[in-house]
Structures are given as structure tokens and as C-alpha cells.
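Visitor:
Residue numbers (the working numbering): 1 to 123.
1. Compute the beta-carbon to beta-carbon distance between residue 79 and residue 59, rounded to the nearest angstrom, for a pair I have assumed lies under 8 Å.
2. Span of the alpha helix (DSSP H) holding residue 43?
3. Note down the Cα distance separating residue 107 from residue 42, rounded to an integer number of angstroms.
4. Can you list, in chain order, the residues of its chain whose CB lies under 6 Å from that of residue 114, leaving out five sequence neighbours each side?
5. Use the C-beta contact count for residue 111: other C-beta atoms within 10 angstroms, 16 or more gives buried, fewer gives exposed.
6. Check this for me: beta carbons of residue 61 and residue 120, under 8 Å apart or not?
7. Report the rounded CA-to-CA distance for residue 77 versus residue 54, giving the unit in angstroms.
8. Taking 8 Å as the CB-CB cut-off, is residue 107 touching chain C?
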């Protein structure tokens with residue numbers, strides 16, 4: 001066989017054996033509301049321990065106190081840091097060990113991070 005035929009066979013083999021691989025971008029998280037999205041997550045997963053007279057009374061996550069507690073009542077700093085969302089105490093704890101009896105789903109944590117990134121509005 002002539003060298004040109006060999007080159008054509010090699011070229012065909014190379015092009016047909018290559019497959020395109022790419023990672024699809026995750027679905028963007030739509031706008032997140034504190035009252036409609038974040039508060040229900042906190043109340044259903046955290047409130048049983050974080051209420052007055054319970055195990056961890058330092059952070060009260062009842063429906064009427066949760067927002068102010070997260071943004072203004074941290075012992076040394078607020079639980080939410082809108083300047084550096086991933087450094088927020090709330091986000092840090094939810095990614096590590098809270099709640100202690102069944103961690104949040106990744107989509108719930110993503111919503112909380114999105115809320116912080118969007119300015120942690122009380123809406």
C-alpha cells in the first residue's frame with residue numbers, strides 16, 4: 001500500500017475514535033426568597049433544637065426571630081456574611097455537621113448559599 005493510504009486509514013481511525021466529552025452546566029438556581037424558600041428549610045430542619053429553652057438556645061430559628069438572628073445576632077459575627085457568602089457561619093455549619101441528625105440535601109444548601117450571595121434579603 002502506498003503511504004497516502006496508510007495516512008488516510010490512520011486519520012479515519014483517529015477521527016472516529018475521538019468522542020466529545022463535556023460537562024453540562026448545572027441548572028441555575030432561580031431567585032430565592034427568605035420567607036418562601038429559606039425559612040421553611042430552617043424551621044423544618046433546625047428549629048427543633050434552635051428555639052428558646054432547647055438544646056442550642058444561642059441561635060433562635062423561630063419564624064419571627066430567624067432573620068434577625070442570622071444577620072445581626074451572632075456572638076462574634078453574624079451567621080450570614082454577604083461579602084463572603086462561603087465564609088458565612090451558617091453555610092459552613094450546614095456543610096459540616098448541622099443538623100446533627102440528618103444533613104440537609106445539597107439543593108437546600110445551594111438555595112441557602114444563593115440567598116446569601118444575592119444579599120440575604122428579608123423577602
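Where a beta carbon is used, it is the ideal one built from N, C-alpha and C, also for glycine.
Fair warning: this is a prediction, and the values are worked out from it, not measured in the lab.
Guide: Taking the geometry as given:
1. 7 Å
2. 39 to 45
3. 14 Å
4. 29 and 32
5. buried
6. no
7. 22 Å
8. This model lacks chain C altogether, as it is built from one protein chain only.
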